[in-house]
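For reference, the structure discussed in these notes is given below.
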Amino acid sequence: VGVTKMGRARGDASLVRDRARRRPSLLTRIKNDRMLLLLMLPGVVYFLVFFYLPLLGNVVAFEEYLPYLGFVDSPFVGLDNFANMLSNPDFYGALRNTLEISLLQLLLYFPAPIGLALVLNSLISIPLRRFVQSIVLLPHFISWVIIVALFQQVLGGDGALNSLLRGHDLATFNVMTNPGTFKFLVTSQVIWKDTGWGTIIFLAALANIDSSLYEAAAVDGASRWRRLWHVTLPGIIGVTILLLILRLGNILSVGFEQIVLQRDAVGAGAGEVLDTFVYWHGVLGGDWGLSAAVGLVKGVVGAVLVLSANRIAHLLGQEGIYR
Amino acid sequence: MIRMAQRGAARPVWMERPTGVGRGARAVVLTVVVLVVLFPFLTVLSTSLSSEQELTAHGGFVLFPIHPTLAAYQAIMAGGIVTRAVTVSFGITTVGTLLSLACTAAMAYALSRPVIGRRPVLLMVLFTFLFAPGIIPVYLVVRQLGMLNTYQSLIIPTLVNAFNLVVLRSFFMGVPRDLVDSATMDGASELSILTRIMLPLSKGVLAVIGLFYAVAYWNAFFNAILYLNDTAKWPLQLVLRLYVLQGQPMPGTADVVQGTEMPAPQAIEMAVVVIAVVPILLAYPFLQRYFTKGVLTGAIKG
Chain A
435 VGVTKMGRAR GDASLVRDRA RRRPSLLTRI KNDRMLLLLM LPGVVYFLVF FYLPLLGNVV
495 AFEEYLPYLG FVDSPFVGLD NFANMLSNPD FYGALRNTLE ISLLQLLLYF PAPIGLALVL
555 NSLISIPLRR FVQSIVLLPH FISWVIIVAL FQQVLGGDGA LNSLLRGHDL ATFNVMTNPG
615 TFKFLVTSQV IWKDTGWGTI IFLAALANID SSLYEAAAVD GASRWRRLWH VTLPGIIGVT
675 ILLLILRLGN ILSVGFEQIV LQRDAVGAGA GEVLDTFVYW HGVLGGDWGL SAAVGLVKGV
735 VGAVLVLSAN RIAHLLGQEG IYR
Chain B
14 MIRMAQRGAA RPVWMERPTG VGRGARAVVL TVVVLVVLFP FLTVLSTSLS SEQELTAHGG
74 FVLFPIHPTL AAYQAIMAGG IVTRAVTVSF GITTVGTLLS LACTAAMAYA LSRPVIGRRP
134 VLLMVLFTFL FAPGIIPVYL VVRQLGMLNT YQSLIIPTLV NAFNLVVLRS FFMGVPRDLV
194 DSATMDGASE LSILTRIMLP LSKGVLAVIG LFYAVAYWNA FFNAILYLND TAKWPLQLVL
254 RLYVLQGQPM PGTADVVQGT EMPAPQAIEM AVVVIAVVPI LLAYPFLQRY FTKGVLTGAI
314 KG
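The following block contains the structure:
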């Protein structure tokens, strides 16, 4: 109380001075915050050099990039690289493979964590649930090189499956080198690696559902399936849509590491995707302009898809990823 | 019964008794899932422990070796390309994790305080979630910085992970303001608030983020395949690819184990896989605890 009285007694002139002191000049503020600014400096420099500089570096897509001339001095060629991209049959092959793998993942991988989360959530024994969860989460932390090696060990020419088939005098087939089944192979690898990881977010959403809703529904005579339909599914639809939006933004990225490791085993016809196309034509082939153009199109399409899917989610009354 | 209720494991009264079919179906699904995850690890381990005769006798595939041998491990750890790759990977993982953790924590702390320029920097970080600059421009930047074929190229281009940064910042924001304010009142500098108050309070989340970085560096393949031509600098993941996936014969292993019988090439390959997996398995219990208990899920949901 005393403080307020004193403040009132000081009069208008000192209030004005107070306000002036509250907004010090830019230079003073920088000086006052110098320790904090110093702390964030390495991180800021990192983002500028390895994110925003490359973002500008996308001008390569409009240049005939010559390494000894650099970003700035290489001759500008307008949309030539994009025209080359559109007249390159390999590009369409890579695009088709990418979209097919993405679609397969959407159909086969995307629902898998939801199903597993529902099964785990229905378990009454907490220790059992924890046990299964800790097993299925493990593959997420295993590198792609090892995952491909594991699959080779099970499904490859000398693997478990074929030695079983040989043991029973049946015809063998090497899944790892078969172009026809390649897309199912990479999808099944994604399912193996990330289904457990994907359940985390759904289990969190399921745990957030108010259990009194289930109780009320049960009292009203709803069967377990009706409760699943009317209580559980509305409880996870928001997070499902959020993940669908993110998935849509990545529709043109199907995992560079995973594909680059296996592309040679099945050949470029079945195994080339946009990211490996960029790698082969750019980093290995030196066709910087063309591959930067493909990369730029990929990035722009991804961002546009996320933004418009988010808008659609809002129109449908869902939260989306941001407001 | 009472004990079950205390552990929160009892069926609520309104829930029907599970049907036999439902229980059976769940048991089958979970058993299959667990086996599908574990089986590949088991076959790799068994193969790495098998001898040449045992492998040839069983057509190249052994599930439970009768006479397990460590010859394959002795062969690859006795110097030579795998030993060197393991050393490189350990070095990159250690240095990279420490650097990443330091930069991430420092930046996250600064962004959790009312520092000048906070909004634009935060926007700058969040924008990276929306748009990826592409492989080629990043490669050209790394090359123009003269980092091709250096160990730095395995660390610096992935130094700060925006997601980890955001998680750590929101954790710092959650620390009661009174703590920071009273320390400021006592004349503590921002640096000592970070090192004496914030970091000790966030040991748990720092450990998880550190493990995330460590796993990423240990598993890293993308940076190495893009930026390293010099095979002498290759980390373990690239060596794995060359000798295990592409089936090149491994040099420098034949003459190392003297007086014993040469281990089977397949056993050697699988031993390399095991060596690459073991550090992950050691870190895994710590990582997994945070997820099954739902510590980070709040942060993940945003």
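Protein chains in written order, with this note's numbering: chain A, 435 to 757; chain B, 14 to 315. We treat Cβ as the ideally placed atom computed from N, Cα and C, and that holds for glycine.
Chain-ordered neighbours of residue i on chain B, where CB pairs are closer than 8 Å
i	result
W722 of chain A	I149, L153
L489 of chain A	F144, P146, P150
N492 of chain A	P146, G147, P150
E649 of chain A	P25, W27
Whether residue i touches residue j by CB criterion (8 Å)
i	j	result
T611 of chain A	A699 of chain A	yes
S687 of chain A	I149 of chain B	no
Y713 of chain A	V735 of chain A	no
V101 of chain B	W247 of chain B	yes
V128 of chain B	Y480 of chain A	no
L192 of chain B	I210 of chain B	yes
L62 of chain B	T82 of chain B	yes
A652 of chain A	M28 of chain B	yes
P545 of chain A	G630 of chain A	no
P278 of chain B	A84 of chain B	no
I293 of chain B	I670 of chain A	no
L255 of chain B	V582 of chain A	no
E5 of chain B	V75 of chain B	Because chain B is modelled from 14 through 315, residue 5 of chain B falls outside the range shown and cannot be assessed.
P523 of chain A	V151 of chain B	no
V740 of chain A	L143 of chain B	yes
I238 of chain B	Y164 of chain B	no
L249 of chain B	A98 of chain B	yes
Minimum Cβ-Cβ distance from residue i to chain A less than 8 Å
i	result
M28 of chain B	yes
P25 of chain B	yes
Q66 of chain B	no
Y297 of chain B	yes
G33 of chain B	no
F103 of chain B	no
T106 of chain B	no
L253 of chain B	yes
A277 of chain B	no
L167 of chain B	no
T117 of chain B	yes
M283 of chain B	yes
T141 of chain B	yes
Contact test: residue i Cβ vs the ligand FMN heavy atom, cutoff 7 Å
i	result
C116 of chain B	This structure lacks the ligand FMN; in fact it carries no ligand of any kind.
Neighbour list for residue i in chain B, Cβ cutoff strictly below 7 Å
i	result
W578 of chain A	F234
A656 of chain A	Neighbours of A656 of chain A on chain B: none; closest Cβ ~10 Å, over 7 Å.
G729 of chain A	G147, I148, I149
F575 of chain A	V228, I293, Y297, L300
Q752 of chain A	In chain order: nothing, as chain B lies at least about 14 Å away.
Chain A residues whose Cβ lies nearer than 9 Å to that of residue i
i	result
R97 of chain B	In chain order: nothing, as chain A lies at least about 17 Å away.
M137 of chain B	V478, F481, L482, F485, Y486
Contacts of residue i in chain A (Cβ-Cβ under 7 Å)
i	result
S202 of chain B	M469
R391 of chain B	Residue coverage of chain B in this structure runs from 14 to 315, which leaves residue 391 of chain B outside it and unanswerable.
8 Å Cβ cutoff, residue i in contact with chain B
i	result
I675 of chain A	no
R463 of chain A	yes
P613 of chain A	no
P547 of chain A	no
L695 of chain A	yes
R690 of chain A	Looking at the sequence shown, residue 690 of chain A is not Arg but Phe. Yes, F690 of chain A counts as interfacial toward chain B.
Q623 of chain A	no
I535 of chain A	no
G707 of chain A	Residue identity differs from the one stated: residue 707 of chain A is Val in this sequence, not Gly. So, not an interface residue.
I746 of chain A	no
V391 of chain A	No answer is possible for residue 391 of chain A: it lies beyond the span of chain A, which begins at 435 and ends at 757.
A702 of chain A	no
Proximal chain A residues relative to residue i, where beta-carbon distance stays under 8 Å
i	result
P170 of chain B	F484
M198 of chain B	Near M198 of chain B there are no residues of chain A at all, since even the closest Cβ is about 16 Å away, more than 8 Å.
M120 of chain B	L473, M474, P476, G477, V478
Q261 of chain B	The contacting residues do not exist; Q261 of chain B stays about 13 Å from chain A at best.
Contacts that residue i makes with chain B (C-beta to C-beta distance below 9 Å)
i	result
V511 of chain A	Within chain B, no residue comes near V511 of chain A; the closest Cβ sits about 16 Å away, beyond 9 Å.
- Query: Listed from N- to C-terminal order along the chain, which residues in the segment 39 to 60 of chain B have their beta-carbon within a distance smaller than 8 Å of any beta-carbon of chain A?
  - Reply: R39, V42, L43, V46, V47, V49, V50, L51, F52, P53, F54, T56, V57, T60
- Message: Runs of 4 residues minimum, wholly inside the segment 506 to 559 of chain A: which ones carry the alpha helix (DSSP H) assignment?
- Response: 514 to 520, 523 to 538, 545 to 555
- Would you mind listing the alpha helix (DSSP H) stretches within the segment 462 to 492 of chain A that are 4+ residues and don't spill past its ends, in chain order? 468 to 481, 487 to 491
- Task: May I ask you to list, following chain order, the residues of the segment 200 to 227 of chain B that have a beta carbon less than 8 Å from some beta carbon of chain A?
- Result: S202, E203, L204, L207
- Residue ranges of each alpha helix (DSSP H) within the segment 115 to 149 of chain B, 4 or longer: 131 to 140
- Item | Proximal residues, the segment 182 to 198 of chain B versus chain A, C-beta separation under 7 Å | none
- Query: Unbroken alpha helix (DSSP H) runs of length 4 or more, entirely within the segment 190 to 255 of chain B: which are they?
  - Reply: 190 to 198, 203 to 206, 216 to 232, 235 to 240, 249 to 253
- Query: Mind pulling the alpha helix (DSSP H) runs of 4 or more residues that sit fully within the segment 561 to 598 of chain A?
  - Reply: 578 to 589
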